[in-house]
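Visitor: The numbering used here puts the first residue of the sequence shown at 3, with every later residue one more than the last.
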Amino acid sequence: MRSIIFTAILCPALLATSAMLAGCNSMKSDVQTTDHAQAPQGGDMAMMLPPGWTEADMQACMEAGMTGPQHEMLAKSAGRWSGTSTMWMAPGMPPMTNDCNATITSLMDGRYTRCEYSGEMAGMGAFQGLGFNGFDNVSQKYVSTWMDNMGTGIMNGTGVASDNGRTMTWNFQFNCPMTKKMTTMREVERHPDANTMSLEMFGPDPKTGKEFQMMKIEMKRASGA
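#1: CA-CA distance, residue 149 and residue 194?
#2: Output the distance between the C-alpha atoms of residue 109 and residue 138, rounded to the nearest integer angstrom.
#3: Exposed or buried, which one is residue 51 when buried takes at least 16 other CB atoms within 10 Å?
#4: Could you name the residues of the same chain whose beta carbon sits closer than 8 angstroms to that of residue 156, not counting the 5 residues immediately before and after it, in chain order?
#5: Is the beta carbon of residue 145 closer than 7 angstroms to that of residue 160?
#6: Using three-state DSSP, classify residue 201 as helix, strand or coil.
#7: Give me the residue from 181, 102, 189 with the minimum Cα distance to residue 87.
#8: Could you tell me the boundaries of the beta strand (DSSP E) in which residue 102 lies?
#9: By the DSSP assignment, the beta strand (DSSP E) with residue 195 in it spans what residues?
#10: Under 8 angstroms by Cβ, that's how I've got residue 119 and residue 131 pegged, so tell me the actual separation to the nearest angstrom.
#11: Does the separation of the CB atoms of residue 217 and residue 68 fall below 7 angstroms?
#12: According to the neighbour-count rule (16 or more other Cβ atoms, all chains shown, within 10 Å of its Cβ), is residue 127 buried or exposed?
#13: Counting along the chain, where does the alpha helix (DSSP H) carrying residue 178 start and finish?
#14: By Cβ distance below 8 angstroms, which residues in the same chain neighbour residue 133 in space, the five residues on each side in sequence not counted?
#15: Are the beta-carbon atoms belonging to residue 100 and residue 121 less than 7 angstroms from one another?
#16: Between residue 203 and residue 221, how many whole angstroms is the CB-CB distance? I'm expecting something under 8 angstroms.
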């Protein structure tokens with residue numbers, strides 16, 4: 003709640019944009035969207051502009067909230083998934099394999115997806131994770147957060163999709179509990195077909211700093227959205 007209030011104070015555009023979105027979901031522009039409602043035009047738009055704003059400023063705020071093909075691509079994963087996870091604690095150590103499940107839900111008119119993940123962590127008990135994915139129209143990057151019951155931090159990442167949209171490469175930042183430093187985890191997400199997906203995670207060995215494969219998750223769709 004504090005972060006929402008703080009953001010609203012720093013960016014009055016959010017308040018104006020919220021008022022606009024209450025009456026419409028999008029306006030015509032060069033950006034491809036799946037929203038079809040029209041924003042006020044001409045004089046109506048001018049009457050709603052804060053002092054010093056131009057119609058271009060307001061349009062930029064509106065376009066930041068539109069949905070497009072990138073959001074549609076994320077929403078295609080909505081549904082229930084099941085499979086296996088394979089984890090390596092360190093380079094050269096034997097893998098540990100467990101069953102896992104995920105439920106992916108489309109949120110806020112297709113702007114975001116939520117992933118609820120469950121499985122087992124060898125020697126540590128039940129594992130629960132929660133992540134949110136989206137596409138930021140302003141930065142033109144896929145964005146993601148992740149949290150789970152094996153830590154108290156929140157990972158934040160950005161992603162880039164391949165031309166055919168079947169591969170996503172993510173880079174997440176998190177605080178390593180061993181080095182006490184900000185660390186990068188690389189993830190490669192693949193969707194060879196509509197009902198199959200995999201996720202490979204790579205991170206640095208805290209002792210050597212060299213990247214190694216930490217985990218691989220392979221899943222099949224159990225049901226649709």
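Built from N, CA and C at the ideal position, the CB exists for glycine as well.
All of these numbers come straight from a predicted model, not from anything done at the bench.
Guide: Per the coordinate set shown:
#1: Roughly 26 angstroms between the two C-alpha positions.
#2: Approximately 15 angstroms between the Cα atoms of the pair.
#3: Result: exposed.
#4: These residues qualify, in order along the chain: 147, 148, 149.
#5: With a cutoff of 7 angstroms on beta-carbon distance, residue 160 and residue 145 are scored as near each other.
#6: If DSSP states are grouped into helix, strand and coil, residue 201 belongs with the strands.
#7: Minimum Cα-Cα distance from residue 87 among the listed residues 181, 102, 189 corresponds to 102.
#8: From DSSP, the beta strand (DSSP E) with residue 102 extends over 98 to 109.
#9: Segment 184 to 195, the beta strand (DSSP E) holding residue 195.
#10: Separation of the CB atoms of residue 119 and residue 131 is rounded to 4 angstroms, and the pair is thereby assigned contact status at 8 angstroms.
#11: Cβ atoms of residue 217 and residue 68: not closer than 7 angstroms.
#12: Exposed, by the Cβ-count rule.
#13: Under the DSSP assignment, residue 178 falls outside any alpha helix (DSSP H); it carries neither an H nor an E label.
#14: Within the same chain, residue 133 has close Cβ partners 116, 117, 119, 146, 147, 148, 149.
#15: The Cβ atoms of residue 100 and residue 121 sit closer than 7 angstroms to each other.
#16: Not confirmed; about 14 angstroms, so no contact.
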